[in-house]
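K.L.:
Encoded as structure tokens, here's the structure I'll be asking about.
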Amino acid sequence: MAKCLVIGGNGFLGSHLVDELASLGHEVVAFDRFSMGVTTFRPTSATTYKGDFLNSRDLEESLAGQDFVFHFLSTTTPASVENEPRLDIRTNVTQTLDLLDLAVAARIKRVYFASSGGAVYGDQGKAEYSELDATLPISPYGIGKLTIENYLRYYRRRHGLDSLVLRISNPYGIRQHANRRQGLIPIALSRILARQPLQLFGDGTMVRDYAYAPDVVRKIGRLVGTRTAHDTYNIGSGFGHSVNEVFASMRKVTGIDCEIEHLKAPATFVKSVVLNTDRYDAEHESFLATSLEEGIRQTWDALSLGWRVDESTRVLQA
Numbered sequence: 001m002a003k004c005l006v007i008g009g010n011g012f013l014g015s016h017l018v019d020e021l022a023s024l025g026h027e028v029v030a031f032d033r034f035s036m037g038v039t040t041f042r043p044t045s046a047t048t049y050k051g052d053f054l055n056s057r058d059l060e061e062s063l064a065g066q067d068f069v070f071h072f073l074s075t076t077t078p079a080s081v082e083n084e085p086r087l088d089i090r091t092n093v094t095q096t097l098d099l100l101d102l103a104v105a106a107r108i109k110r111v112y113f114a115s116s117g118g119a120v121y122g123d124q125g126k127a128e129y130s131e132l133d134a135t136l137p138i139s140p141y142g143i144g145k146l147t148i149e150n151y152l153r154y155y156r157r158r159h160g161l162d163s164l165v166l167r168i169s170n171p172y173g174i175r176q177h178a179n180r181r182q183g184l185i186p187i188a189l190s191r192i193l194a195r196q197p198l199q200l201f202g203d204g205t206m207v208r209d210y211a212y213a214p215d216v217v218r219k220i221g222r223l224v225g226t227r228t229a230h231d232t233y234n235i236g237s238g239f240g241h242s243v244n245e246v247f248a249s250m251r252k253v254t255g256i257d258c259e260i261e262h263l264k265a266p267a268t269f270v271k272s273v274v275l276n277t278d279r280y281d282a283e284h285e286s287f288l289a290t291s292l293e294e295g296i297r298q299t300w301d302a303l304s305l306g307w308r309v310d311e312s313t314r315v316l317q318a
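Using the UniProt record's numbering, read the sequence shown as starting at 1 and increasing by one per residue.
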């Protein structure tokens with residue numbers, strides 16, 4: 001088994017990945033600021049390294065002795081850089097270059113990067129997107145993700161640093177924080193719990209590929225330490241659902257019919273993104289994925305029993 005460093009290990013998807021890697025027998029270190037004061041992954045899954053991604057000394061120290069690095073931390077969200085794209089360059093892109101330099105020096109065997117399948121392809125009007133399709137991001141967030149992807153290819157050619165790009169769709173599930181203003185499902189469920197109107201940007205026909213977080217990390221876990229035929233994989237459910245369909249599932253699961261607040265969709269909203277996962281599926285045995293309704297049900301149950309998606313609580317698991 002391998003020694004794995006998960007950068008952003010206390011975040012939403014990172015914490016699920018920590019648990020998955022540990023369940024596979026890997027020795028895991030979770031790198032994070034742990035700003036909430038508690039861990040969101042299972043206590044037995046990993047040792048912790050409390051550090052700042054923007055501090056290169058912290059990164060250098062945490063990389064020592066590791067086999068694989070999982071870069072699952074982002075200092076920005078699509079909303080936070082919409083009007084301030086330089087923030088993404090100054091923090092995410094520039095500091096990732098520091099991380100890659102340090103990974104070369106530490107002789108890391110492979111870097112796994114959490115890119116965004118929902119952002120890097122842009123709005124090309126396709127029914128679904130494969131890894132062979134053009135990447136034409138229309139948002140600062142997507143541009144930043146694609147920039148890092150390209151630097152990973154450069155470091156592979158220039159320094160021999162192996163890497164794998166994971167173009168993840170729209171993951172959702174417990175441990176996702178609505179206060180980050182990222183993720184339709186946690187934001188909507190938190191508003192339902194608070195009996196607040198659901199905010200609908202546009203007419204509700206926007207389609208996304210929603211993938212339940214435990215399913216996402218299960219797919220990623222199968223890529224660890226294995227030889228792969230490609231350097232980029234779409235990771236998603238392969239199915240698209242409109243916002244209207246998501247809201248309908250939420251009404252069915254919760255039994256609550258919330259008022260809808262209609263808002264104008266931002267210019268950088270992509271109409272439809274569904275990921276074609278044939279490349280991944282051809283190399284790995286399939287498993288029964290969690291349906292959208294069941295995933296929403298599990299997320300709602302955890303939320304109702306004590307998981308809080310706002311930052312004021314310290315109760316992180318039901």
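We put the beta carbon where it would ideally sit given N, CA and C, even for glycine.
Does the Cβ-Cβ distance between residue 240 and residue 211 come in under 8 Å?
P.N.:
If you check the CB distance, residue 240 and residue 211 do not come in under 8 Å.
K.L.:
Taking the beta strand (DSSP E) that residue 110 falls in, what are its first and last residues?
P.N.:
110-116
K.L.:
Thinking just about the alpha-carbon of each residue, which of 222, 77 and 59 is nearest to the one in residue 287?
P.N.:
Minimum Cα distance to residue 287 is reached at 222.
K.L.:
Leaving aside the five residues before and after residue 268 along the sequence, list all residues of the same chain whose C-beta is less than 7 Å from its C-beta, in chain order.
P.N.:
82, 138 and 139
K.L.:
Going along the chain, which unbroken runs of the alpha helix (DSSP H) with 4 or more residues stay wholly within the region 33-84?
P.N.:
56-63
K.L.:
In its own chain, which residues sit with a C-beta less than 8 Å from the C-beta of residue 44, not counting the 5 before and 5 after it?
P.N.:
22
K.L.:
Between the region 95-106 and the region 189-200, do at least 3 Cβ pairs fall closer than 8 Å?
P.N.:
no
K.L.:
Straight-line CA distance for residue 6 to residue 117?
P.N.:
20 Å
K.L.:
Under a three-way DSSP split, which group does residue 252 fall into?
P.N.:
helix
K.L.:
Of the choices 297, 259 and 63, whose alpha-carbon is the least far from that of residue 250?
P.N.:
297
K.L.:
Classify residue 103 as buried or exposed, calling it buried when 16 or more other Cβ atoms lie within 10 Å of its own Cβ.
P.N.:
Residue 103 should be labelled buried.
K.L.:
Entirely within the region 241-306 and at least 4 residues each: give me those alpha helix (DSSP H) ranges in chain order.
P.N.:
Taken in chain order, the unbroken stretches of alpha helix (DSSP H) that lie wholly in the region 241-306 and span 4 residues or more are 243-254, 278-283 and 292-305.
K.L.:
Please list, in chain order, all residues of the same chain as residue 62 whose beta carbon is under 7 Å from its beta carbon, the five residues on each side excluded.
P.N.:
5, 29, 31, 49 and 51
K.L.:
Report the residue ranges of all beta strand (DSSP E) runs contained in full by the region 130-179; include only those spanning at least 3 residues, in chain order.
P.N.:
163-168 and 170-172
K.L.:
Can you tell me which of 85, 68 and 129 puts its alpha carbon nearest to the alpha carbon of residue 107?
P.N.:
68
K.L.:
Would you kindly work out how many angstroms separate the C-alpha atoms of residue 168 and residue 13, rounded to a whole number?
P.N.:
One C-alpha to the other measures close to 10 Å.
K.L.:
What does residue 27 pair with, by DSSP beta-bridge criteria?
P.N.:
3
K.L.:
To the nearest angstrom, report how far apart residue 243 and residue 300 are at their CA atoms.
P.N.:
The straight-line gap from Cα to Cα measures roughly 17 Å.
K.L.:
For residue 19 versus residue 34, is the C-beta spacing smaller than 8 Å?
P.N.:
no
K.L.:
Which residue's Cα is closest to the Cα of residue 230: 74, 112 and 60?
P.N.:
112
K.L.:
Would the beta-carbon of residue 173 fall within 8 Å of that of residue 119?
P.N.:
no
K.L.:
I'd like to confirm something about residue 253: is its beta-carbon nearer than 7 Å to some heavy atom of the ligand SAH, or not?
P.N.:
Summarising the ligand content, the structure contains no ligands, and the ligand SAH is consequently not present.
K.L.:
Based on DSSP bridge pairs, tell me the residues matched to residue 232.
P.N.:
Per DSSP, the beta-bridge partners of residue 232 are 165.
K.L.:
Reducing DSSP to helix, strand and coil, say where residue 223 ends up.
P.N.:
coil
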